[in-house]
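Take the sequence shown: its letters are residues -39 to -1, 1 to 1069, numbered as in mature numbering (1 follows the signal peptide of the UniProt record, and there is no 0). Here a beta-carbon is modelled for each residue, glycine too, at the ideal position from N, C-alpha and C.
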Amino acid sequence: MSTWQDTTPPLRAVRTRRAVASLTGGLLVAGLATAPATAAPGTAPAAPGTAATTAVPSVTTAAPAADVTVRPDPSYAGQPFEGWGTSLVWFANATGDYPDEIRDRLADMVFGDEGLNLNIARYNVGGGNAPDVPDYLRAGGAVDGWWNAPEGTTRDDVDWWDPEDPADWDLDADATQRWWVDRIKDDVTHWETFSNSPPWFMTESGYVSGNFDADEDQLKPESIDDFAQYLVGVTERLEDAHGIDVDTIDPFNEPNTDYWGTQLGADGNPTGGRQEGAHMGPALQQQVLPALASALQGSGTDAVISAMDETNPGRFASNWNAYAPEVRDLVDQLNVHTYGTGQRTTVRDIAKGEDKPLWMSEVGGSWSSTGQDFESMESGLGSAQHIVDDLRELEPSAWVFWQPVEDYDNMAPGGESPEGGNWGEIQIPFSCTAEDTLETCPIYTNTKYWVTQNFTHFIAPGDRLVGVDDPSSTAAVSASGDQAVVVHVNDETSARTVALDLSGFGEVADGATVTPVVTDSGGYLVEGDPVPVETDGAARATLTVPAESVTTFVVDGVSGVADDAPLAQDGHVYRIDGVQSDRSLAPAGDGVQIATDDPAAADQLWTLTDLGAPEGSGSHRTRYAVTNAATGEQLAVDADTSAVLVEAPAGPADTPEAARWILSTTGDGTYTLVNASSGTLLEVGGQATADGSPVGTYLANSGANQRWAIVDETLLGTEPVDVFTTPGTAPELPESVTPVYPGGAGDALPVTWDVPEDSAWAEPGTVEVTGTVTNPAGGTVAATATVTVDVLASTRTASASTYAGGVPELPATVTAVTAGGVDVERAVTWEQAADGVYDEIGVVQLSGTADAGAGDTLPATVRVLVTEPGEANAATADGTTVEATYTEPGYPAERVVNGDVDDKGWSNWRSGDKNPTDTLTVTLPEPRDVTGVDVHFYVDGSHRSWARTVQVEARVDGAWQAVGDPAEPASGAEPVAVDADVRTDAVRVVMTAHEATHLVVSEIEVLAKVPGDPSPVWDGDATYTAGDAVFHDGSYHAAQWWTRDEPGSSVWGSWQETVRAASGEALWTPSRVFTAGDVVVHDGETYVAQWWTRDQEPGDAHGPWAPR
């Protein structure tokens, strides 16, 4: 492992934000020895412009097919981003008295612009145990309280403190954490104070590590006011002592959990827990917040209240929903942690409904399956994806670490756990002394440290996060508005081609470029060459990023918002389609309901009117009026939050608050509708699917019944129609045509044709017929049918394929050719193939009868290519359904068959006790020959969210049977692959979870046989001998002798074409050799060879063939 004094050439070069092209800034270099991802951050900065020795990331200037297309949406922009931050707590407490060279180095790595570049700091207001309590908290965990206890005070003395008595305050308390305050205050733009625990004398247990029952409230009711005074008093004194302004105060930390409990040893002294913490349920929280608000009134600080720093979004929502409205009004900023990731969008929508800023105020994790690790990209990729998910799903205005500096010794094997841990981006022993140096107290970094800078160096305070349609990407636009960045995570083991679709920007300058800055196992923050943005047609740049990498794409020369980028377009109409119900929103009297989609129903269409966003917020909080296209009424909420239709006002500006809706999306094309007045969300009650089921509003919960696809159904035109008829016969014109919407073709709409006189069809030729389609939103559009009048002369041979042992899907139409040479599609009926015809590879030819019009028919032919079986995922076919025994809201089971093996698909997370087992059942639209089942798990942060055991079962003849033995995945990194050989219409995956851990599945692939590629295929460079068989140009040929000739080049050559008829017997082909007694089929008749023959067509009475 490298040390700080390592002199090897630097592999990791950190570029300063927005200076990727100039390279004029100083570089922070981590000297390395042999392990390329092992940081040794004790080195001094290298000279500006020092070159990295790693390879420059691969980029392409052409436009190959992209594996992923990422489209930033600047029309969906957040408020100005407040920045990136951390709590100070344990690491500041532990290191604030370290020698200058060590603590200054740490400060530069955390807050310096060549380090993590953080600008938000959360100061921990320590509680502190009584003076007579022996230390039992973890290293750094005993943060000083600001009280000054009288001499001889013990844990039994709890009534002595008076917030009004200066003698009861210790103004010199917490010197170590406060060293950090002084050291970083010029780098910090937002300060927050927060509490993990009240002082011991305000607690029920008498200790700061929690109540003896971790589910019971810890703050004594009679100490509520004192606790509020304590928090405000510390904040005031901190501001005065250090010349800072604290912006927010949060009195809680994960308050409604069972994490915080105190245990006593045999001697009566506490042995755990090992950190400060206090349970405070929602009822107690509602007492603390008013007390804090009262204490702030008339105080010397301008800080406002933030709350409640709950452990996960679901628990946050439970707390918040329990608050009375007047208590909610006291909270100016919402703080949530994402140690659990479910229901992020719930808190997002709560914040929008309350019109309050939202912080992701704490998270940390190991993201390592191997414990302490300074080399692998695994932890960096896990951390980066967590940041991406937080920013995309929560839409926070700030993102804050728990603490990026962790105790190296605690993370080492045998410390916190036998295998060790990988918390923190930086690790240093918390046991160093005043005599230590960077040699004896070394600093280590893992890959999380570097990938974080892919975000923090390029998304700065004042920038705006914008929408993005890729779950592995984050996008932002600069405060100046003339630059964008996209941070993309590729956690796959192969390189990935990424296309940036920049068409959402209003201006893309000539000379616009994209510069990649890549972190992977070959180098940290390595800048590639700028790639030009293609401006001919859609603005686009295509780049290839390395395997297991995090890449920041710096886009120069883009600005503004394209006219067609915003969701709501003037004059457009939209269908609001329920994600869970698959039904459209429609009026029902003075309320609303769901109804089966009807493209001709005007009352299923709505207009969206942009009413603007509150001052200071982003366009992602824009309010919309939602107006029915048929009735002209607006969607609103009643006093009881019921969804109702109300008369539209005279003008949009007069739209009442109850009729204003905020549309939120994660970029997947679906939205929640948050009412600006009630804060409740439009939803289909009870997950109903029946037509006429009522639609109401309810508290945000991330349920699929609260998500809606908003589809632009503004009628632009219709697709042209081709029709055939014979001379003298009026054509059968279709009763409907396909409409064209902004997003493409839609479901058919009725049409009225202006049919010409019968004489128009008397002679062969082409006739244009016009029609009229009624636009459901008003007016009409034209339709056109091109009628070909002629007789059909022949049909072209159709094609199909299957695998050996399978059954082909034969075409329903065949291409017929008119006498004038025009191709038309005609319905066809095929003969039935005998059993076993498709059991061997080769070619099978079937005969059919095509409709030729006017009661006539034409013969038709289809050739079926029979190959060795291939394999494909059958679960993505239309008509597949998925059921789960339990589902976390927001992560429905159907997501496990969306084709994405990397997303967070289905989850069974729930607050409190976790399910020990759950089952996912995938039902296919028809029986398939299944060869295997692959289950892709999603590693949810530091949780072991993959199954402990997996048993796959298949339904055969209505009964479930096991497929293979139970699997025990070692990690969630690789899919669980179970081989199968069964014909079934459904499989289910029975999973047992790790103890007290939830399950998350990205994808279930049901692998089934499909036609494979023809093999072997004729090779012009190969030599073949008698009996060899090959595919060539859609035919199957067998060699008669040694040859290098091309099959089909001569009927008397070395190859004979072999084809089977529907009966299974040979189909006569000119090149095939037959001998006496051979049976063939030709033109629907069966013949027997009388002697050796080749290229002699059956049917000649004097030839070698006799009818059978």
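Judged by DSSP in its simplified three-state form, F277 adopts helix. The C-alpha of P1008 is placed about 30 Å away from the C-alpha of A1062. Put simply, the segment 947 to 964 does not touch the segment 740 to 754. Fewer than three CB pairs are less than 8 Å apart. The beta-carbon distance between P772 and A780, rounded to whole angstroms, is 23 Å. This is too long to meet the 8 Å contact definition.
A straight-line Cα-Cα distance of about 15 Å links A620 and T633. Going by C-alpha positions, P711 is about 26 Å away from S720.
With the rule of 3 Cβ pairs closer than 8 Å, the segment 606 to 618 does not count as touching the segment 484 to 503. Nearest in C-alpha terms to E43, of all of S358, T627, D431, S996, is S358. Secondary structure in the segment 872 to 902: the beta strand (DSSP E) runs of 3 residues or longer, each lying completely within the stretch, are 878 to 898 in chain order. For P365, the CB contacts under 7 Å within the same chain, skipping 5 residues up- and downstream, are T47, V71, L77, G385, E386, I387 in chain order.
A distance below 7 Å separates the beta carbons of P725 and V750.
Looking at the backbone, the Cα of A941 and that of I965 are separated by about 14 Å.
In the structure shown, the three-state DSSP call for D942 is strand. Per DSSP, the unbroken beta strand (DSSP E) holding Y659 starts and ends at 655 to 659. Taking all protein chains in view, the Cβ of G275 is crowded by 16 or more other Cβ atoms within 10 Å, so the residue is classified as buried. In this structure, the straight-line span from the alpha carbon of V827 to that of G995 is close to 10 Å. For secondary structure counted as the beta strand (DSSP E) over 3 or more consecutive residues, the segment 600 to 670 holds these complete runs in sequence order: 604 to 607, 622 to 625, 631 to 636, 642 to 645, 655 to 659. The C-alpha of A795 is placed about 13 Å away from the C-alpha of E801.
When only Cα atoms are considered, A227 and V446 end up about 58 Å apart.
Out of Y84, S184, G101, V492, the CA that lies nearest to the CA of W122 is found in S184. For S36, the closest C-alpha among the options A436, P850, D715, Y535 is that of A436.
When C-alpha distances from R871 are compared across A957, G332, G803, S344, the shortest belongs to A957.
Counting only runs that start and end inside the segment 942 to 1021, there is no alpha helix (DSSP H) element of at least 4 residues. Burial state of V169 is buried, judged by a 10 Å Cβ sphere holding 16 or more other Cβ atoms. Here the C-alpha atom of P695 lies approximately 41 Å from the C-alpha atom of T1030. Nearest C-alpha to Q793 among G782, G803, V778, G809: G809. Counted as a single uninterrupted DSSP element, the stretch harbouring A1062 is not any alpha helix (DSSP H), since DSSP gives it neither H nor E. No alpha helix (DSSP H) of 4 residues or more sits fully in the segment 87 to 128. Residue pairing by DSSP puts D817 in a beta bridge opposite G814. Membership of H347 in the alpha helix (DSSP H) is indicated by the continuous run 339 to 355. A direct Cα-Cα distance of roughly 18 Å separates A591 from R544. Taking 8 Å as the upper bound for CB-CB distance, V478 and E488 are in contact here, some 5 Å apart. Shown here, N85 sits in a strand according to DSSP, grouped into three states. T413 and V511 have their C-alpha atoms spaced approximately 9 Å apart. For E323 against H298, the beta-carbon gap comes to about 4 Å, under 8 Å, which counts as contact. Per DSSP, the continuous beta strand (DSSP E) segment holding N589 begins and ends at 584 to 589.
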